[in-house]
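Structure record follows, encoded as structure tokens.
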Amino acid sequence: MDDNDQSIILESRGLTKHYGGVVALEGANLILRKAEHIAIVGDNGAGKSTFVRNITGVEQPTSGEIFFEDQKVQFALPKEARNMGIETVYQNLALADQLDVPANIFLGREETFFNLGPFSWLNKQLMRKRSEELLNDTGIKIPDLTQPLAEMSGGQRQCVAISRAAGWGSKLIIMDEPTAALGVQETNKVENIIRSLKEKRVPVIIISHNLRQVFDLVDRIVVFRQGRIVGELDTDKTSGNEVISLITGVNQGGNENKSYI
Amino acid sequence: MPSTLQEISDSVVKFLIKFFRLECSGSLLAIVILSISIELVTPGKPFFHPSNIMTILNNSAAIGVIAGGMTLVVLSAGIDLSVGSVMGMTAALTGYLVSFWGFSPGMAIFSGFGIGALVGMVNGSLVAYLKMPAFIVTLAGLSVWRGTGHLTTGARATPKLPETFYGFGRHNPLAWLRDGFQDGSLPDVLIPLGEFVDENWITTFRTFQMSLIIFIAFFVFLALIVNNTRFGRYVYAIGSNESGASQAGINTKAYKLMTYLFCSLSAALGALLFLGRAPYAKSDYGQMWELDAIAAVVIGGTSLFGGKGTLWGTFLGVILLKLINNGLTLAQLETFWQMVVTGIIILIAVGIDIVRRSRSAMKTQKMMTVIAMAMAFFAFLTPASLYTHSWIVVHEHYSAEEIKLEGGKLAREQSKRLQSVRNLETHEEIMFLNIWPSIFLGGLVVASLIPLWLPGLVVYTGIASLFLFMVIPLQILAYKFGIPFLILGCFLMLASGLVPKIFERARNISVVN
């Protein structure tokens with residue numbers, strides 16, 4: 001049991017990304033273990049989103065290696081990453097607002113009766129049933145599954161996006177600023193869902209600017225600055241000030257008694 | 001006691017929410033109310049008779065299928081302005097191939113569709129793969145394909161088309177039953193059926209044509225595909241959030257190409273349906289049809305911004321447009337008014353779309369007030385246009401007379417403007433008859449704007465009763481055709497006044513739920 005928990009699910013060695021002359025990411029070495037939740041933090045432009053794009057197949061790294069479940073992988077397309085069980089919840093949610101919940105959860109992966117390419121007949125009943133089960137599993141309450149997403153609150157839409165990732169992303173879920181646009185109550189709901197994912201032993205990477213959230217949810221904090229990983233801290237052994245020192249590069253010693261959370 | 005009243009009003013509100021969530025509900029309501037009004041206002045001319053309804057369907061078939069194809073493109077947040085030109089070009093070329101190149105009708109029709117497919121591929125490739133703006137590509141297409149149509153056929157009409165073409169339009173599939181019954185050549189088992197058809201020929205079966213069969217079959221087919229296949233769902237997804245759809249792994253480029261392909265093929269089908277009722281083929285058919293198609297799509301509730309709307313909505317939009325045109329004709333207005341009215345309706349429909357997206361009670365209320373004003377305007381059109389027309393005639397007469405008096409020579413056009421004394425009298429009488437109704441109805445148009453600044457149930461009810469009051473002068477003057485518009489306007493004003501209460505009730509209900 002312990003061995004499983006310590007085994008590495010994702011590892012990047014020397015991951016580097018250059019855009020022409022700009023070095024967006026340099027020598028990123030990161031390890032993620034099963035059943036572990038980590039947060040990636042850093043200032044704007046520090047390389048967090050670049051890192052995520054390069055490990056999910058949206059972009060291809062300039063150099064470096066990625067290992068997923070102890071196998072070397074190279075994702076040419078996001079689809080390849082998804083096929084391996086890696087799901088991303090983007091900041092813009094990538095949801096079709098005019099479609100309803102089951103349509104969004106199954107977007108791109110519809111259940112059909114027979115396969116005729118574009119003219120395959122959709123099995124709407126099955127998709128609705130599976131969506132209900134999925135939403136129950138993640139503890140999200142949506143009263144009317146036929147409602148288009150545009151009529152729902154930001155929090156509900158975020159929950160649908162996370163359910164979608166959780167439903168398909170059995171191996172790893174990456175979330176980019178999951179509660180950035182939400183109010184307190186909805187942030188709470190989303191964070192509870194993330195905790196339930198931890199109970200289900202699904203590894204999660206969260207990019208967040210919200211240090212309070214980070215300290216509440218994750219086991220380890222990885223700090224990026226100017227394209228490099230400048231520190232990895234265990235949540236229960238560090239403080240807000242130490243994290244901020246690493247993010248900004250400025251010693252926060254003078255602010256020892258002040259809270260940034 | 002109050003609680004059951006509460007329950008009843010709650011279920012009414014719930015029903016309203018469900019009904020108006022449907023995008024085509026507006027046009028459905030408008031069709032129902034307009035049809036009922038037309039029926040009431042034209043006694044002796046049966047409106048709801050099957051033969052009349054079938055006539056409307058027959059006349060709408062060609063533009064209808066084109067609007068259907070356009071719906072697909074608009075759903076994916078695109079637009080196709082070239083459909084009218086493609087229709088004209090394929091119609092002309094099909095006729096030309098049959099008449100002058102010795103093609104069989106089947107081959108010519110097949111070639112017509114081939115040309116439509118080619119145009120669709122061009123449009124789709126430029127828009128989807130080269131990422132050129134759809135508006136520009138299809139606007140250019142409008143010009144290019146119309147010109148090509150004229151060039152290749154010399155812009156002359158073909159001789160009369162072979163009978164085969166009627167099989168796609170005017171042919172009545174039940175005619176042989178009737179003819180067979182009448183001359184006794186029907187097999188025995190079919191005689192009762194033949195008798196039934198013959199008895200009800202004039203009221204029901206006379207206008208049953210292939211046009212409407214193909215029209216309805218096309219929509220049934222298209223609706224099934226759009227609602228139940230991957231293609232349909234991806235069209236909606238791309239219209240709703242193209243980058244999101246792409247992130248979900250959907251091949252957005254291929255699907256967009258398919259919508260343009262389908263749209264141009266529909267234009268070719270529209271050409272065929274038109275040829276089914278036309279005596280000959282000519283390259284200037286279908287001019288301005290893209291406008292009517294877009295109007296039908298938008299009126300049917302499909303959003304120009306993509307992702308929202310239904311095919312049956314477009315079907316209703318096509319029918320509503322035809323009804324309004326028929327109505328305007330009955331109201332003795334020149335056909336050019338149809339262009340003005342169609343444009344106004346497009347504006348209103350887009351306004352409704354924007355207001356619906358905003359989901360704000362105040363905006364909905366204001367929008368409904370504006371629509372009621374448009375209704376008053378449509379009622380105002382008959383007396384006002386009659387008055388203006390006569391005024392212009394009289395005025396031109398006196399100007400021409402003045403030129404003559406001052407000794408100037410009159411050009412031929414100017415001397416045509418001189419009227420006989422009797423004509424002058426007629427026109428002046430028309431002006432006299434119409435000046436007060438025009439002023440009153442014009443006042444109604446202005447008055448219907450008052451609630452925009454003074455919203456309040458009392459004001460709304462007051463203006464709504466003004467609408468009803470105006471029915472009287474129209475009835476006296478026998479301008480019965482404006483009456484349905486006034487009734488519709490009255491409904492809208494009342495509903496407008498109730499909007500804030502309904503929204504509030506709806507919000508309370510959903511919070512409780």
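These protein sequences, in sequence, are chains A and B.
Its first residue numbered 1, the first sequence is counted upward by one per residue in my numbering.
Its first residue numbered 1, the second sequence is counted upward by one per residue in my numbering.
Glycine included, each C-beta is placed from N, C-alpha and C at the ideal position.
Contact set for residue i: own chain, Cβ-Cβ below 6 Å, skip 5 residues either direction
i, result
"Phe485(B)", "Met375, Phe378 and Ala379"
"Thr179(A)", "Thr187 and Val190"
"Arg109(A)", "none"
"Ile8(A)", "Ile31 and Arg33"
Closest residue to residue i among the options (Cα-Cα distance)
i, options, result
"Thr314(B)", "Arg357(B), Thr302(B) and Ile324(B)", "Thr302(B)"
"Leu93(A)", "Ser131(A), Gly155(A), Thr112(A) and Glu59(A)", "Gly155(A)"
"Arg156(B)", "Leu444(B), Gly69(B), Ala281(B) and Leu16(B)", "Ala281(B)"
"Ala278(B)", "Asn58(B), Phe491(B), Val355(B) and Gly482(B)", "Asn58(B)"
"Leu93(B)", "Ser143(B), Thr152(B), Val74(B) and Gly141(B)", "Thr152(B)"
"Phe305(B)", "Phe20(B), Gly351(B) and Met210(B)", "Gly351(B)"
"Asn105(A)", "Lys129(A), Ile194(A), Phe113(A) and Phe75(A)", "It is Ile, not Asn, that sits at residue 105(A) in the sequence shown. That would be Lys129(A), whose Cα lies nearest to the Cα of Ile105(A)."
"Val65(B)", "Leu22(B), Val355(B), Gly26(B) and Val297(B)", "Val297(B)"
"Ile463(B)", "Leu477(B), Ala447(B) and Ala478(B)", "Ala447(B)"
"Gly147(B)", "Trp391(B), Ser82(B) and Leu272(B)", "Ser82(B)"
"Ala61(B)", "Tyr285(B), Leu272(B) and Gly307(B)", "Leu272(B)"
"Thr248(A)", "Lys237(A), Gly227(A), Gln91(A) and Gln71(A)", "Gly227(A)"
"Gly194(B)", "Ser51(B), Ile202(B) and Gly180(B)", "Gly180(B)"
Other residues of its chain near residue i: CB distance less than 7 Å, five sequence neighbours each side excluded
i, result
"Val243(A)", "Val41, Leu211, Ile221, Val223 and Leu233"
"Leu452(B)", "Lys366 and Thr369"
"Val499(B)", "Ala361, Thr364, Gln365 and Met368"
"Thr164(B)", "Pro105"
"Cys263(B)", "Gly69, Met70, Leu72, Val73, Asp80, Val83 and Gly120"
"Leu139(B)", "Leu81"
Local conformation of residue i per DSSP, three classes
i, result
"Asn241(B)", "coil"
"Met175(A)", "strand"
"Ala506(B)", "helix"
"Phe103(B)", "coil"
"Ser12(A)", "strand"
"Lys480(B)", "coil"
"Asn513(B)", "At Asn513(B), the pLDDT of 47 sits below 50, so the modelled position is not reliable and the matter cannot be decided from this model."
"Ile142(A)", "coil"
"Pro148(A)", "strand"
"Val202(A)", "coil"
"Gly462(B)", "helix"
"His209(A)", "coil"
"Tyr19(A)", "strand"
"Asp3(A)", "The pLDDT assigned to Asp3(A) is 47, lower than 50, so where the model puts this residue is not dependable; a value taken from the coordinates is nonetheless given after this. It is helical."
"Met1(B)", "Confidence is the limiting factor: at Met1(B) the pLDDT is only 48, short of 50, which leaves the residue's position unreliable and the question unanswerable from this model."
"Ala278(B)", "coil"
"Asp137(A)", "helix"
"Thr302(B)", "coil"
"Gln71(A)", "strand"
"Thr229(B)", "strand"
"Val89(A)", "strand"
"His37(A)", "strand"
"Ala24(A)", "strand"
"Glu195(B)", "helix"
"Ser63(A)", "strand"
"Arg220(A)", "strand"
Interface flag, residue i vs chain B, CB-CB below 8 Å
i, result
"Glu110(A)", "yes"
"Tyr90(A)", "yes"
"Phe114(A)", "no"
"Asp97(A)", "yes"
"Gly249(A)", "no"
"Leu107(A)", "yes"
"Lys79(A)", "yes"
Residue i at chain A interface by Cβ criterion, 8 Å
i, result
"Phe440(B)", "no"
"Tyr240(B)", "Note on identity: in this sequence residue 240(B) is Ser, with Tyr being the wrong assignment. Yes, Ser240(B) lies at the interface with chain A (some Cβ there is under 8 Å from its Cβ)."
"Phe208(B)", "no"
"Met258(B)", "yes"
"Ile79(B)", "no"
"Phe168(B)", "no"
"Lys253(B)", "no"
Expected contact under 8 Å - CB spacing of residue i and residue j to nearest Å
i, j, result
"Ala267(B)", "Val73(B)", "That belief does not hold up - the Cβ atoms of Ala267(B) and Val73(B) are roughly 11 Å apart, past 8 Å."
"Gly317(B)", "Phe219(B)", "The Cβ separation is near 12 Å, so there is no contact."
Contact set for residue i: own chain, Cβ-Cβ below 8 Å, skip 5 residues either direction
i, result
"Lys253(B)", "Ala128 and Tyr129"
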